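**Student:** First, the structure itself, so that you have it in front of you.
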Amino acid sequence: QGNEVSLCAQSVLAALDVSVTTVLYIHGTEYQRFSADLRRFSMSRSFLDLWAACVLRLCLLSGAGLGVCLNPAQGPGRLGRWAGWLRLLFGLVPLYATVKLLLYSDTSAFPHDPWFWSLLAWTYFCSLATGALCHLLSCAGQRAGAGAGAGAEEGCNLLTDEPEEERRPEKPGAGRRLISLCWKEARLLTAGAVFLLLAELGIRPSSGPVPSPCPDGRTDSAYLLCRCPADLHACDSALSSGVRGGIFTLVFARINIRIRNMLFRSLLQQDIAFFDANHTGDITSRLTSDTTVVSDMLSHNGSLFLQSVVRGLGVCVFMVVLSWQLSLVTFMGFPIMILSSEIYGKYCKNLAAQVQDVLAKANNLAEETISSMKTVRSFGTEETECREYCRRMQDVYTLNRKEAMAFSFFTCSGRISVQICILYYGGFLVIAKHMTPGNLISFIIYELQLGDCLENLGTVYTGLMQGTGAAEKIFQYMDQESCGTLNEGTLAPDMLKGEITFSNVSFAYPTRPHTQVLKDVCFTLSPGEVTALVGPSGSGKSSCVHLMEHFYSPQAGEVLLDGLPLPKYQSQYLHSQVTLVGQEPVLFARPIHENIAYGLADCPVDMMVWAAKTANAHGFITELTDGYGTETGEKGAQLSGGQKQRVAIARALVRSPRILLLDEATSALDAESDHKIQQALCSIKENCTVLIVAHRLSTVKNADKIIVLQDGTVVEEGKHEELMRREGLYARLVHRQLLDIKSGGKRPLAEHLHRIASERAARSSGASEDLGIGID
Numbered sequence: 001q002g003n004e005v006s007l008c009a010q011s012v013l014a015a016l017d018v019s020v021t022t023v024l025y026i027h028g029t030e031y032q033r034f035s036a037d038l039r040r041f042s043m044s045r046s047f048l049d050l051w052a053a054c055v056l057r058l059c060l061l062s063g064a065g066l067g068v069c070l071n072p073a074q075g076p077g078r079l080g081r082w083a084g085w086l087r088l089l090f091g092l093v094p095l096y097a098t099v100k101l102l103l104y105s106d107t108s109a110f111p112h113d114p115w116f117w118s119l120l121a122w123t124y125f126c127s128l129a130t131g132a133l134c135h136l137l138s139c140a141g142q143r144a145g146a147g148a149g150a151g152a153e154e155g156c157n158l159l160t161d162e163p164e165e166e167r168r169p170e171k172p173g174a175g176r177r178l179i180s181l182c183w184k185e186a187r188l189l190t191a192g193a194v195f196l197l198l199a200e201l202g203i204r205p206s207s208g209p210v211p212s213p214c215p216d217g218r219t220d221s222a223y224l225l226c227r228c229p230a231d232l233h234a235c236d237s238a239l240s241s242g243v244r245g246g247i248f249t250l251v252f253a254r255i256n257i258r259i260r261n262m263l264f265r266s267l268l269q270q271d272i273a274f275f276d277a278n279h280t281g282d283i284t285s286r287l288t289s290d291t292t293v294v295s296d297m298l299s300h301n302g303s304l305f306l307q308s309v310v311r312g313l314g315v316c317v318f319m320v321v322l323s324w325q326l327s328l329v330t331f332m333g334f335p336i337m338i339l340s341s342e343i344y345g346k347y348c349k350n351l352a353a354q355v356q357d358v359l360a361k362a363n364n365l366a367e368e369t370i371s372s373m374k375t376v377r378s379f380g381t382e383e384t385e386c387r388e389y390c391r392r393m394q395d396v397y398t399l400n401r402k403e404a405m406a407f408s409f410f411t412c413s414g415r416i417s418v419q420i421c422i423l424y425y426g427g428f429l430v431i432a433k434h435m436t437p438g439n440l441i442s443f444i445i446y447e448l449q450l451g452d453c454l455e456n457l458g459t460v461y462t463g464l465m466q467g468t469g470a471a472e473k474i475f476q477y478m479d480q481e482s483c484g485t486l487n488e489g490t491l492a493p494d495m496l497k498g499e500i501t502f503s504n505v506s507f508a509y510p511t512r513p514h515t516q517v518l519k520d521v522c523f524t525l526s527p528g529e530v531t532a533l534v535g536p537s538g539s540g541k542s543s544c545v546h547l548m549e550h551f552y553s554p555q556a557g558e559v560l561l562d563g564l565p566l567p568k569y570q571s572q573y574l575h576s577q578v579t580l581v582g583q584e585p586v587l588f589a590r591p592i593h594e595n596i597a598y599g600l601a602d603c604p605v606d607m608m609v610w611a612a613k614t615a616n617a618h619g620f621i622t623e624l625t626d627g628y629g630t631e632t633g634e635k636g637a638q639l640s641g642g643q644k645q646r647v648a649i650a651r652a653l654v655r656s657p658r659i660l661l662l663d664e665a666t667s668a669l670d671a672e673s674d675h676k677i678q679q680a681l682c683s684i685k686e687n688c689t690v691l692i693v694a695h696r697l698s699t700v701k702n703a704d705k706i707i708v709l710q711d712g713t714v715v716e717e718g719k720h721e722e723l724m725r726r727e728g729l730y731a732r733l734v735h736r737q738l739l740d741i742k743s744g745g746k747r748p749l750a751e752h753l754h755r756i757a758s759e760r761a762a763r764s765s766g767a768s769e770d771l772g773i774g775i776d
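The sequence shown begins at 1 in UniProt numbering and counts up one residue at a time.
Structure representation (structure tokens):
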């Protein structure tokens, strides 16, 4: 039905175009004009070519309409591929009509020929209307094809009795979203535009020499009186320019802050899987570099756009007053400039996106290198990292060089052709006595000013495209949809027992969806008990902890808290009741007391001290120069590994959680500190559920229950003595650890050295393949 309506519309327009153009061409009933113009065609006096343009529009419009209607599946796509060339063609017809106008202006019948004026106006109207209708035909056909596909999908849903998914609204483009951000500052922008108008009121037309503001023979006081208007205007212009600049700077500073706040809030709402898939340097680059690029582009280009538009309109008025013919020649170059600006803008948009991506990778490399400076220094790879960073900067320079070359070509190509035409046609008008030399010089001066305004507008468009390219990644992060592990539940009970149950849980990380980490895992953590989770490396222990923290969602099964799935609980409530201490805890670059009380609005000092004593951290904290006010440095770099772990345990205990998860939380502690913490856990386990993930025998042997994982499945469960009697995986792990302890940790190294020596000897004798030496 939509195609039929489009076909009717194009048929009506084509018929009307041919009829009206023919009537205007033959002046109503003078049919002999066809034969006369065919016999002696003249560019300046015959209008058969304008009638031929009407026939061309009829053919193109009819062909486009029939193609879309007869082939609704592929017709719109084909029309869309040719849409750019059609717009170019329909844009050239008005330009050609303007040339006819200039040529016809030298004839005596020109001022008194209403037929010509009507034919010219109708040609302009029909060319624009035909281009618009072809564009609508392409869009309507694409929407019809999309609707047909949606209808087919809907039919499939009906056949399979599956509920149809709600269609999500399409997100607006980055450019429109940037404009919407600017629209929120409409009042300040309006005030800035007013002061911009006041600053630009000084443009005046000039033709010939400028008269003196005060004739000779005046007194000094009279001369000063003559200067007053000019001085007042200069002061007004300077004041208005300053106020305008300050307003625009303030507006776009507010927009920059708003974009950064929106992006930062959106990033903190993302799932953990999002941060697994995106590098930290890439994210921080979007938050710092890209937002600065966007705000700077808006700030500079917004002010420049308004200033160029106001000044350009004033200059155009003065140019038309001086010579409407030369003004038409100048305006004829506008469509070409607009088309080239569109092509150049798209090219710069793609380049800007590539530049931001390369910069993000370079920033990620720099952040990773600087944050791991001890490792870089220990391996002596400073020069390697410098070369890699230089290579990525060279990639940025290559893209910037392409952008500079494109800008030079874009700037030169348009203005040279227009200026040559103005000089040639202007000289012709001076020779023909249609224009004075002084007016021609004034016109050229104004044309140069207009060229600067157009160049500024082209720069504005290019800058906006670059800002849009940088903003697309920002809005992509803002529109990133959560996988359902944050802010989806509403349950927040006053009392929580703290029982966690894994019910047939299977899990794979989103970044490695084909690698199954947990397979049909079932176990229960009971309140008032200390449960140990042990197993070889890569068996899935830390993955179980991540699921308990609801960092990820399982692919199958459920993780239950007090018999209810974790997604039903409010995120803030859940993480206030379930606290995790990892093997490598992260401390913030703040004093120790702020790290312990992190996330708590009000934390009493005595509670903080109790948590530090329980975690065996109070002693070393008080020995520091500033005590609890000691700065920990970036990521706690000023503290040792064991000190960081004890501060992190204190940070967890001060929250009085119902569930305490310790994932290798005491791996960096000495035996005495580990023993004290185990005693403290036994004293607080009556009030919470404790899970310990550890490899050390002294840490897990006193647990109330030990769960053994292997290859993502639970293979054993029980107490230490019971598991030792079974002589399964747990017993083998314990025996291997006891063997290492008895050998003082030297046996594995000795065996490894012996293997290396044997292999070298075998290679020298040529019989290395017959040794078969291995190590368990």
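Note that beta-carbon positions come from the ideal geometry of N, C-alpha and C, so glycine has one too.
Predicted, not measured: the structure shown is a model, and the values here were computed from it.
What three-state label does DSSP hand residue 335 in the structure shown?
**Tutor:** If DSSP states are grouped into helix, strand and coil, residue 335 belongs with the helices.
**Student:** Can you name, in chain order, every residue of its own chain whose Cβ lies under 7 angstroms from the Cβ of residue 732, other than the five neighbours on each side?
**Tutor:** For residue 732, where only same-chain residues beyond five positions count, there are no Cβ hits under 7 angstroms.
**Student:** Here's a check: name, in chain order, each residue in its chain whose Cβ is nearer than 8 angstroms to the Cβ of residue 51, leaving out the five neighbours to either side.
**Tutor:** The answer, listed in chain order, is 21, 22 and 25.
**Student:** Measure the alpha-carbon distance for residue 552 versus residue 276 and round it to whole angstroms.
**Tutor:** Cα to Cα, residue 552 sits roughly 11 angstroms from residue 276.
**Student:** Could you name each continuous beta strand (DSSP E) segment of 3 residues or more that falls completely within the segment 479 to 520, going from the start of the chain to the end?
**Tutor:** Entirely contained in the segment 479 to 520, the beta strand (DSSP E) runs reaching 3 residues are, in chain order, 500 to 507.
**Student:** Applying the criterion that 16 or more other CB atoms from any shown protein chain within 10 Å of the CB defines a buried residue, is residue 608 buried or exposed?
**Tutor:** Flag for residue 608 reads buried.
**Student:** Using DSSP with H/G/I as helix, E/B as strand and the rest coil, what is residue 49?
**Tutor:** The answer is helix: DSSP assigns residue 49 an H, G or I state.
**Student:** Please go through the same chain and pick out, in chain order, the residues whose beta-carbon is closer than 6 angstroms to the beta-carbon of residue 441, but skip the five residues on each side of it.
**Tutor:** Cβ within range, chain order: n/a, list empty.
**Student:** Bridge partners for residue 718 per DSSP, in chain order?
**Tutor:** According to DSSP, residue 718 bridges with 706.
**Student:** Give the single residue among 419, 407 and 259 whose Cα lies nearest to the Cα of residue 327.
**Tutor:** For residue 327, the nearest C-alpha among the options comes from 419.
**Student:** Name the DSSP bridge partner or partners of residue 669?
**Tutor:** Paired residues: none, contrary to the question.
**Student:** Can you look up residue 727 in the DSSP assignment and give me helix, strand or coil?
**Tutor:** Here residue 727 sits in coil by DSSP.
**Student:** Closer than 7 angstroms: is that where the CB of residue 682 sits relative to any heavy atom of the ligand ZN?
**Tutor:** Within the structure as shown, the ligand ZN is missing, as the structure has no ligands at all.
**Student:** Taking its Cβ as the centre, do 16 or more other Cβ atoms sit within 10 Å of residue 548, making it buried, or is it exposed?
**Tutor:** Residue 548 comes out buried.
**Student:** With residue 623 as the anchor, note down where its alpha helix (DSSP H) starts and where it stops.
**Tutor:** Start and end: 618 to 623.
**Student:** Roughly how many whole angstroms lie between the Cα atoms of residue 16 and residue 125?
**Tutor:** Between residue 16 and residue 125, the C-alpha separation is close to 12 angstroms.
**Student:** When the Cα of residue 361 is compared with those of 445, 369, 392 and 619, which residue comes out closest?
**Tutor:** The residue with the shortest Cα to Cα distance from residue 361 is 392.
**Student:** Run through the DSSP bridge pairs and tell me what residue 713 is partnered with.
**Tutor:** Residue 713 is bridged to 710.
**Student:** Less than 8 angstroms separating the beta-carbons of residue 530 and residue 685?
**Tutor:** The answer is yes: Cβ separation under 8 angstroms.
**Student:** Name the one or two DSSP bridge partners that residue 523 has.
**Tutor:** According to DSSP, residue 523 bridges with 502.
**Student:** For residue 114, which three-state DSSP category applies?
**Tutor:** In the structure shown, residue 114 sits in a helix (DSSP, three-state: H, G or I).
**Student:** Smallest Cα separation from residue 673: which of 191, 61, 305 and 642?
**Tutor:** If we check each option's Cα against that of residue 673, 642 comes out closest.
**Student:** DSSP state of residue 296, grouped into three classes?
**Tutor:** Note: residue 296 maps to helix in three-state DSSP.
**Student:** Does DSSP put residue 26 in a helix, a strand or coil?
**Tutor:** Here residue 26 sits in coil by DSSP.
**Student:** What are the boundary residues of the alpha helix (DSSP H) that includes residue 642?
**Tutor:** Residues 641 to 653.
**Student:** Under DSSP, the alpha helix (DSSP H) around residue 609 begins and ends at which residues?
**Tutor:** Start and end: 605 to 614.
**Student:** Which residue marks the beginning of the alpha helix (DSSP H) containing residue 594, and which one marks its end?
**Tutor:** Here the alpha helix (DSSP H) through residue 594 covers 592 to 596.
**Student:** Return the chain-ordered ranges of every alpha helix (DSSP H) run that is complete within the segment 252 to 314 and spans a minimum of 4 residues.
**Tutor:** DSSP runs (the alpha helix (DSSP H)) wholly in the segment 252 to 314: 272 to 277 and 280 to 285.
**Student:** How far does the beta strand (DSSP E) with residue 559 in it reach, from first residue to last?
**Tutor:** Looking at the DSSP string, the run of the beta strand (DSSP E) that includes residue 559 is 556 to 561.
**Student:** Would you call the CB atoms of residue 356 and residue 196 closer than 8 angstroms?
**Tutor:** No, Cβ-Cβ distance for residue 356 and residue 196 is not below 8 angstroms.
**Student:** Exposed or buried, residue 426, counting other C-beta atoms within 10 Å across all chains shown (16 or more means buried)?
**Tutor:** So residue 426 ends up on the buried side.
**Student:** Let me make sure I understand the geometry here. Which of 323, 191, 695 and 366 has the alpha-carbon closest to that of residue 429?
**Tutor:** Of the listed residues, the one whose Cα sits closest to residue 429 is 323.
**Student:** Just how far apart, CA to CA, sit residue 346 and residue 297?
**Tutor:** Going from the Cα of residue 346 to the Cα of residue 297 covers about 16 angstroms.
**Student:** By the 10 Å Cβ neighbour count, where 16 or more other Cβ atoms means buried, how is residue 169 classified, buried or exposed?
**Tutor:** Legend: pLDDT at residue 169 = 46, less than 50; position of this residue unreliable, value from coordinates given subsequently. Result: exposed.
**Student:** Looking at residue 710 and residue 535, is the spacing between their C-beta atoms short of 8 angstroms?
**Tutor:** Cβ atoms of residue 535 and residue 710: closer than 8 angstroms.
**Student:** Determine, using beta carbons only, whether residue 500 and residue 272 come nearer to each other than 8 angstroms.
**Tutor:** Cβ distance not < 8 angstroms, so residue 500 and residue 272 don't count as in contact.
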